[in-house]
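So the structure is just underneath, and the comments pick up after that.
There are 2 protein chains.
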Amino acid sequence: MRRIPILQIGAGGVGQALIEQVLWFNEHRGGRYGFRFAYIGLADRQGAIVADERIPPLVLRDAIDAKRAGGSLADAEAGGPLRDWRNLLSPDPCVVIDVTAQDGAEDGLIAAIEQGHRVVLANKKPLCAGHESFTALTHGGRTRYEATVGAGLPVISTLQMLLDTGDRVERISGCFSGTLGYLLSELESGAAYSAAVREARARGWTEPDPRDDLSGMDVARKALILARTAGMQLELSDVAVEPLFGSDLADQLPEAFMSQLERMDESFRERVAQAAADERVLRYVADVHGGAARIGLTAVERDSAIGALRGPDNLVVFTTQRYSERPLSVRGPGAGVEVTASAVLSDLIGHAREWR
Amino acid sequence: MRRIPILQIGAGGVGQALIEQVLWFNEHRGGRYGFRFAYIGLADRQGAIVADERIPPLVLRDAIDAKRAGGSLADAEAGGPLRDWRNLLSPDPCVVIDVTAQDGAEDGLIAAIEQGHRVVLANKKPLCAGHESFTALTHGGRTRYEATVGAGLPVISTLQMLLDTGDRVERISGCFSGTLGYLLSELESGAAYSAAVREARARGWTEPDPRDDLSGMDVARKALILARTAGMQLELSDVAVEPLFGSDLADQLPEAFMSQLERMDESFRERVAQAAADERVLRYVADVHGGAARIGLTAVERDSAIGALRGPDNLVVFTTQRYSERPLSVRGPGAGVEVTASAVLSDLIGHAREWR
Numbered sequence: 001m002r003r004i005p006i007l008q009i010g011a012g013g014v015g016q017a018l019i020e021q022v023l024w025f026n027e028h029r030g031g032r033y034g035f036r037f038a039y040i041g042l043a044d045r046q047g048a049i050v051a052d053e054r055i056p057p058l059v060l061r062d063a064i065d066a067k068r069a070g071g072s073l074a075d076a077e078a079g080g081p082l083r084d085w086r087n088l089l090s091p092d093p094c095v096v097i098d099v100t101a102q103d104g105a106e107d108g109l110i111a112a113i114e115q116g117h118r119v120v121l122a123n124k125k126p127l128c129a130g131h132e133s134f135t136a137l138t139h140g141g142r143t144r145y146e147a148t149v150g151a152g153l154p155v156i157s158t159l160q161m162l163l164d165t166g167d168r169v170e171r172i173s174g175c176f177s178g179t180l181g182y183l184l185s186e187l188e189s190g191a192a193y194s195a196a197v198r199e200a201r202a203r204g205w206t207e208p209d210p211r212d213d214l215s216g217m218d219v220a221r222k223a224l225i226l227a228r229t230a231g232m233q234l235e236l237s238d239v240a241v242e243p244l245f246g247s248d249l250a251d252q253l254p255e256a257f258m259s260q261l262e263r264m265d266e267s268f269r270e271r272v273a274q275a276a277a278d279e280r281v282l283r284y285v286a287d288v289h290g291g292a293a294r295i296g297l298t299a300v301e302r303d304s305a306i307g308a309l310r311g312p313d314n315l316v317v318f319t320t321q322r323y324s325e326r327p328l329s330v331r332g333p334g335a336g337v338e339v340t341a342s343a344v345l346s347d348l349i350g351h352a353r354e355w356r
Numbered sequence: 357m358r359r360i361p362i363l364q365i366g367a368g369g370v371g372q373a374l375i376e377q378v379l380w381f382n383e384h385r386g387g388r389y390g391f392r393f394a395y396i397g398l399a400d401r402q403g404a405i406v407a408d409e410r411i412p413p414l415v416l417r418d419a420i421d422a423k424r425a426g427g428s429l430a431d432a433e434a435g436g437p438l439r440d441w442r443n444l445l446s447p448d449p450c451v452v453i454d455v456t457a458q459d460g461a462e463d464g465l466i467a468a469i470e471q472g473h474r475v476v477l478a479n480k481k482p483l484c485a486g487h488e489s490f491t492a493l494t495h496g497g498r499t500r501y502e503a504t505v506g507a508g509l510p511v512i513s514t515l516q517m518l519l520d521t522g523d524r525v526e527r528i529s530g531c532f533s534g535t536l537g538y539l540l541s542e543l544e545s546g547a548a549y550s551a552a553v554r555e556a557r558a559r560g561w562t563e564p565d566p567r568d569d570l571s572g573m574d575v576a577r578k579a580l581i582l583a584r585t586a587g588m589q590l591e592l593s594d595v596a597v598e599p600l601f602g603s604d605l606a607d608q609l610p611e612a613f614m615s616q617l618e619r620m621d622e623s624f625r626e627r628v629a630q631a632a633a634d635e636r637v638l639r640y641v642a643d644v645h646g647g648a649a650r651i652g653l654t655a656v657e658r659d660s661a662i663g664a665l666r667g668p669d670n671l672v673v674f675t676t677q678r679y680s681e682r683p684l685s686v687r688g689p690g691a692g693v694e695v696t697a698s699a700v701l702s703d704l705i706g707h708a709r710e711w712r
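Top to bottom, those sequences are chains A and B.
270 is the number that the working numbering gives to position 270 of the first sequence; each next residue is one higher, with no gaps.
609 is the number that the working numbering gives to position 253 of the second sequence; each next residue is one higher, with no gaps.
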């Protein structure tokens with residue numbers, strides 16, 4: 001039975017779900033594959049737990065409980081003060097898992113790869129830094145990142161399969177934001193923009209500042225990751241993004257922004273009505289095609305694959321040389337802690353199966 | 357650069373496309389992954405080509421040309437008389453690829469696995485023999501078979517991901533036959549059953565005897581493979597199948613069957629009209645659920661995911677504990693030599709990345 005050492009950065013919702021899934025895998029699937037994962041480190045901003053051989057399952061479960069009770073990893077048995085995760089790396093190869101949303105992790109991750117470690121990302125940001133970082137991270141399959149687009153949906157693996165078998169990707173399009181999908185469904189059924197945004201925020205479906213979703217930047221990062229995976233040399237600043245709020249509201253404080261939502265109601269009502277008059281519906285569409293990536297509100301035919309999408313489901317449509325007239329598409333919820341964690345675990349299994 | 361020895365059984369349309377894709381991979385992707393595939397054997401019913409180290413690309417291309425010109429592998433340079441492919445196995449581990457539609461291959465493939473070889477299947481039949489054969493073939497991931505359901509669509513890998521990460525599969529449903537999807541679309545737009553079957557046969561979209569498609573057995577095999585992969589202990593005879601022709605026509609000679617197609621026109625016209633009156637459409641639906649698998653003509657809501665399917669596209673819908681209210685689905689063409697070969701190559705790459 002091989003032992004696959006893993007080091008997890010991040011212990012929020014996805015990180016906690018991942019720990020539980022990894023422990024489940026060790027117990028129920030490890031025997032079949034001939035390996036088990038061994039946590040050698042678990043770190044977040046507030047603290048870290050380390051072990052030479054393996055953090056015991058009980059300590060990991062204790063850490064989850066501590067976090068859920070609003071405490072820190074340092075409160076868990078064997079927890080210690082915060083250290084830079086790079087100090088936790090052993091000389092033996094391990095898999096470094098980033099399930100944070102932190103900026104600037106790419107340099108440390110690239111250094112880890114150069115030392116012979118492997119990486120799994122749910123964090124999109126390391127893949128959206130300069131193109132050279134992307135190449136250094138992903139070269140030779142040392143970094144896997146299925147969770148970054150569509151969470152548990154098989155998006156990156158499908159794209160990789162198309163590329164590895166010599167298909168030519170002509171276009172990748174679809175809807176990559178459940179939050180914005182929900183918002184546009186609400187507008188379509190007659191809700192005002194201000195009411196729909198407030199409702200989504202109240203349900204916890206947006207970030208505390210809804211502009212983090214409405215800006216389209218999260219969708220832009222996903223489009224950039226797909227474009228780069230397909231071989232395009234793009235930067236995040238090359239992605240054309242149409243935000244779902246007026247540019248004059250960009251610099252307001254969050255509460256000032258929330259109090260002025262009504263200013264957008266009329267223009268959204270008009271766009272929805274105009275689309276309906278053309279027998280179309282509005283969707284927030286990402287389109288990667290011809291060396292460029294564009295994100296924005298688009299009036300699509302009601303009967304099209306994207307038009308048929310309802311509510312918060314994601315859809316990714318691959319049009320290729322082999323899938324030309326009839327594309328290959330993947331659809332389903334593209335967010336959630338359980339399904340995001342499952343994509344990370346699936347990538348961990350992929351690395352482990354290649355372990356030598 | 358590692359060398360991954362492969363032995364291919366079958367040199368029909370899929371087999372020829374696979375050879376071209378493998379040669380493309382060796383040239384364009386092998387460097388990135390650090391391995392290349394080496395054909396040590398290529399065999400079909402009429403002949404075989406063998407090499408100790410590697411059949412040269414030119415000889416493989418010559419073999420494709422010979423087959424396309426209606427000749428046999430023995431006509432290709434270095435081709436020899438037919439031998440049982442098992443005699444072509446070297447003591448060194450290789451990957452055995454079955455891209456035939458032959459019956460009874462399972463015993464030889466299981467023996468190869470027991471000798472340390474790995475297997476990739478586009479042939480569904482070895483996975484549809486007794487349940488013990490299925491277990492012996494698939495245990496420990498030694499056999500990969502993405503191409504057997506939905507051709508190049510990510511169906512088996514998605515199911516495996518769900519299972520490996522501890523999700524619980526509640527239901528797998530959808531439309532697994534492009535030919536029958538086309539037929540039902542034609543009926544929906546007013547064509548007579550007899551005309552639609554004749555048209556599909558004339559275009560080469562059915563087997564020479566269309567009952568091979570209309571019987572639903574090909575769909576039943578796919579449903580069985582999904583059910584078994586999900587852990588159900590079923591035999592092919594346990595799958596409830598409703599054929600798309602009257603049982604009194606089952607024993608007729610093919611041409612006698614073709615001459616009596618009109619006898620079914622009226623009953624199909626009635627079923628289509630009845631479904632339309634209920635605002636439903638007819639689809640040939642496979643449903644794996646609650647320990648059973650059922651295949652048959654089903655009137656589904658026009659707005660449902662299955663009802664929205666048009667023409668020959670396949671659709672596979674996974675409803676699980678994590679994807680419950682909103683399922684995960686994969687859609688696209690589920691047949692064709694290029695996309696079937698790409699699934700086989702993808703499985704080959706999967707084996708090669710695990711090679712040790």
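Built from N, CA and C at the ideal position, the CB exists for glycine as well.
When the beta-carbon positions are compared, E242 of chain A and L187 of chain A stay at least 8 Å from each other. Counting C-beta atoms within 10 angstroms of its own C-beta, N87 of chain A has fewer than 16 neighbours from the protein chains shown and is therefore classed as exposed. Under the three-state reduction of DSSP, G508 of chain B is assigned to coil, being neither helix nor strand. Residue burial is scored here from C-beta neighbours: E470 of chain B has fewer than 16 other C-beta atoms within 10 angstroms and is therefore classed as exposed.
For A556 of chain B against T585 of chain B, the beta-carbon gap comes to about 29 Å, at or over 8 Å, which does not count as contact. Secondary structure of F532 of chain B (DSSP, three-state): coil.
Annotation note: the stretch 33-70 of chain A contains the following uninterrupted beta strand (DSSP E) runs of length 3 or greater, listed N- to C-terminal: 35-44 and 47-50.
In summary, L609 of chain B is exposed, with fewer than 16 beta-carbon neighbours lying within 10 Å of its beta-carbon over all protein chains present.
Following the DSSP letters along the chain, one finds N382 of chain B inside the alpha helix (DSSP H) bounded by residues G369 to H384. When the beta-carbon positions are compared, R577 of chain B and C484 of chain B come within less than 8 Å of each other. When Cβ-Cβ separations below 8 Å define contact, P93 of chain A makes no contact with chain B. In the structure shown, the three-state DSSP call for R712 of chain B is coil.
Residue A:T138 holds the alpha-carbon nearest to the alpha-carbon of A111 of chain A among A:T138, A:V288 and A:A343. D98 of chain A: member of the beta strand (DSSP E) spanning V95 to D98, first to last residue. For E170 of chain A, the three-state secondary structure derived from DSSP is strand. C-alpha of G706 of chain B to C-alpha of T148 of chain A: approximately 21 Å in a straight line. Annotated three-state conformation of F245 of chain A is coil, per DSSP.
Taking a cut-off of 8 Å for Cβ pairs, the stretch 644-651 of chain B and the stretch 613-627 of chain B do not touch, as fewer than three such pairs fall below it. Flagged as an interface residue toward chain A: F381 of chain B, by a C-beta distance shorter than 8 Å. The DSSP-derived three-state label of R577 of chain B is helix. Counting only Cβ-Cβ distances below 7 Å, Y395 of chain B has no contacts in chain A at all, with the closest Cβ about 17 Å away. Contact annotation for S698 of chain B against chain A: M161, L162, T165, G166, D167 and R322 [CB-CB distance below 8 Å, chain order]. Listed in chain order, the positions of the stretch 55-69 of chain A with a beta carbon within less than 8 Å of a beta carbon of chain B would be empty, since no residue qualifies.
By the CB criterion at 8 Å, D400 of chain B and G369 of chain B fall outside the cutoff. By DSSP's assignment, T298 of chain A forms a beta bridge with A:R283.
Membership of D313 of chain A in any alpha helix (DSSP H) is not indicated; the residue belongs instead to the beta strand (DSSP E) covering D313 to T320. The beta-carbon separation of Q321 of chain A and D167 of chain A, rounded to 6 Å, stays under the 8 Å limit for a contact.
L183 of chain A sits in a helix when the DSSP states are folded into three classes. One alpha carbon belongs to E694 of chain B, the other to E262 of chain A, and they sit about 53 Å apart. In the structure shown, the three-state DSSP call for P210 of chain A is coil. If you check the CB distance, P154 of chain A and V281 of chain A do not come in under 8 Å. Close to Q377 of chain B, with beta-carbon spacing below 7 Å, are these residues of chain A in chain order: T165 and G166.
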